[in-house]
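J.:
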Amino acid sequence: MTSYRARWVLPMSGPPLRDAWVSVSDSRVTNVGTGRAPGPVEDLGDVALLPGLVNAHTHLELSWMAGLVPPAGSMDEWIKTLLRVRRTGPVGGDEATVAAMTRAVGDMLGTGTALVGDISNSLMSVSVFAERQLASVVFHEILGFTSADPGAAVRDAQKRRRVSFSSKKTPDVFSAVVGHAPYSTAPALFAEIAAQHQGPAPLSVHIAESAEEVEFLHTGGGPMRTLLETLGVWTSAWQVPRCGPLEFLKRLGYLKPGTLLVHGVHLTVRELEQARDAEAVIVSCPRSNTWVGGGVPPIARFYGAGVPVAIGTDSLASTDSLNMFDELAALRRLAPEVDAARLLDSATRVGAEALGFGRHYGTIDPGRVASLVSVALPAGVRARPEDVEEYLVSGVSAADVTRLNVPSP
Ligand SMILES: [Zn+2]
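Going by our numbering, the sequence shown opens with residue -5, and the numbers climb by one from there.
1) Tell me whether the beta-carbon of LEU266 lies closer than 8 angstroms to the beta-carbon of PHE242.
2) For the beta strand (DSSP E) that ASN49 lies in, which residues bound it at each end?
3) Identify every run of the alpha helix (DSSP H) within the stretch 370 to 398, keeping only runs that are complete inside it and at least 4 residues long; order them along the chain.
4) Between ARG376 and ASP40, is the Cβ-Cβ spacing less than 8 angstroms?
5) Does the Cβ of SER391 have 16 or more other Cβ atoms within 10 Å, making it buried, or fewer, making it exposed?
6) Just how far apart, CA to CA, sit VAL171 and ARG149?
7) In the DSSP output, which residue or residues are listed as bridge partners for GLU135?
8) Thinking PRO176 and PRO239 are a contact (beta carbons under 8 angstroms), I'd like their distance in whole angstroms, please.
9) Which class does ASN317 belong to by DSSP, given the choice of helix, strand or coil?
10) In whole angstroms, what separates the C-alpha of PHE168 from that of ASN49?
11) Check for me: the beta strand (DSSP E) holding TYR(-2) runs from which residue to which?
12) Using 7 angstroms as the cut-off, classify the Cβ of ASP308 as near or not near the heavy atoms of ligand 1, replying yes or no.
13) Give every residue of the same chain whose Cβ lies closer than 7 angstroms to the Cβ of LEU137, excluding the five residues on either side of it in the sequence, and list them in chain order.
14) Is GLU331 helix, strand or coil when you go by DSSP?
15) Relative to the C-alpha of ASP70, which candidate in PHE159, PRO84, GLU206, ARG78 has its C-alpha closest?
16) VAL256 and VAL199 - do their beta-carbons sit closer together than 8 angstroms?
17) Are the stretch 189 to 204 and the stretch 244 to 252 in contact at 8 angstroms, needing three or more beta carbon pairs?
18) If I'm right that MET95 touches SER119 with Cβ under 8 angstroms, what's the distance once you round it to whole angstroms?
19) Is the closest heavy atom of ligand 1 to the C-beta of ILE187 under 7 angstroms?
20) Whole angstroms is fine: what's the gap from MET318's alpha carbon to LEU47's?
21) Quick check: what's the CA-CA separation for GLN268 versus ARG236?
22) Between GLY361, GLU380, ARG397, ALA373, which lies nearest to THR24 when the distance is taken from Cα to Cα?
23) Compute the Euclidean distance between the alpha carbons of PRO32 and VAL79, then round it to the nearest angstrom.
24) Reducing DSSP to helix, strand and coil, say where ILE73 ends up.
25) Taking only heavy atoms of ligand 1 into account, decide whether any of them is closer than 7 angstroms to the Cβ of HIS200.
26) Examine the Cβ distances between the stretch 55 to 74 and the stretch -2 to 15 and report whether three or more of them are shorter than 8 angstroms.
27) For ASN25, which residues does DSSP report across the bridge?
If you want it as structure tokens, here you go:
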């Protein structure tokens, strides 16, 4: 057993502890406290010790697109560029894709991320996470504006998912088949995915990411309709739902307890309250929302509605880093009225619970995985807990973040 002593420990299940320690044995936390620490002690000095951060939404397989899809004025434009880049593919093929994914996982680990919710069409990320031992939920996403046989499509996807996991050593990975977004995925597919879904991994969906999506659901027209026509996938058989995106999911049985509503930029207060009542979770990715031209997420409104808020970076096709401290800084800029402690809670405890890993990650408590992150604290912010919390959401430099190298059993 080893105890790590730090100027501040932020367990996230309770208030920050000054001059505190965390004892660790066999890669698990055994105790947390102040005063005399048990066993051999490693003094980390003037740092804040946090549970590893949880990036609840990314697309690791798009990492090779870093720098290739510029910020856009509207979502349909960004999608068009993304599809064009994807058709060309990476120079170096699959090998280059995997190399970019491996680098991205290295960056996530290096900036304090301990658990990831990853959207994967190809399932290529499964082995990358397994190799680098990064805990994750891999969401095998399927899409298709029309589907001749939704039951078979979802059964096939479930089979691919099971095969891909059975051959890998994946101690800390959950997975689920999920749909993409209301404008890209047939209603019958959503319904079938929801019907075949079983935990512990939740459902996930991109929702209310742009005003164009909301317009499309209400009227069947607008830029999203034009995009579908341009791509040659529009069908007049699609019934215009004439409702908002949340109601759309609800009708299809997709709004379940735990469903991750990714983005939610254009959800109304009433929809957010309905999401809360349905025990769904918002996953906010503010830097991506602006990049893709989707708009500015109403962060304070999310918290005000009482719906749990988790945080994701989204992919390197729509943001310039997978560093959760950068994402926290974006949330802080957009919502100065939300307590820093709540933002940190979102990036740790809420994210872990949202991904079904609440018993293992997200807090520093006895029995949790000792995936600890230490952040060097400058002299001016060490005295008061609220200053420490504020500093941690101010855009901490990657150079000041260290993952604690806790020995494996
Ligand atoms: Zn996404």
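Cβ atoms here follow ideal geometry from the backbone N, Cα and C, with glycine treated the same way. Quick caveat: nothing in here was measured; it's all calculated off a predicted structure.
T.: For this structure:
1) In this structure, PHE242 does not lie closer than 8 angstroms to LEU266 by Cβ.
2) 47 to 52
3) 379 to 386
4) yes
5) Exposed, by the Cβ-count rule.
6) The straight-line gap from Cα to Cα measures roughly 9 angstroms.
7) VAL172
8) 6 angstroms
9) coil
10) 15 angstroms
11) -4 to 3
12) Yes; taking the cut-off as 7 angstroms, the Cβ of ASP308 has a heavy atom of ligand 1 nearer than that.
13) GLY173, HIS174, SER178, THR179
14) coil
15) GLU206
16) yes
17) yes
18) 6 angstroms
19) Remark: the shortest separation between the CB of ILE187 and any heavy atom of ligand 1 does not fall under 7 angstroms.
20) 7 angstroms
21) 18 angstroms
22) Measuring C-alpha to C-alpha distances from THR24 to each of GLY361, GLU380, ARG397, ALA373 identifies GLY361 as the nearest.
23) Those two C-alpha atoms are separated by around 55 angstroms.
24) Look at ILE73 here: in three-state DSSP terms it is helix.
25) Yes - ligand 1 has a heavy atom lying nearer than 7 angstroms to the Cβ of HIS200.
26) no
27) SER17
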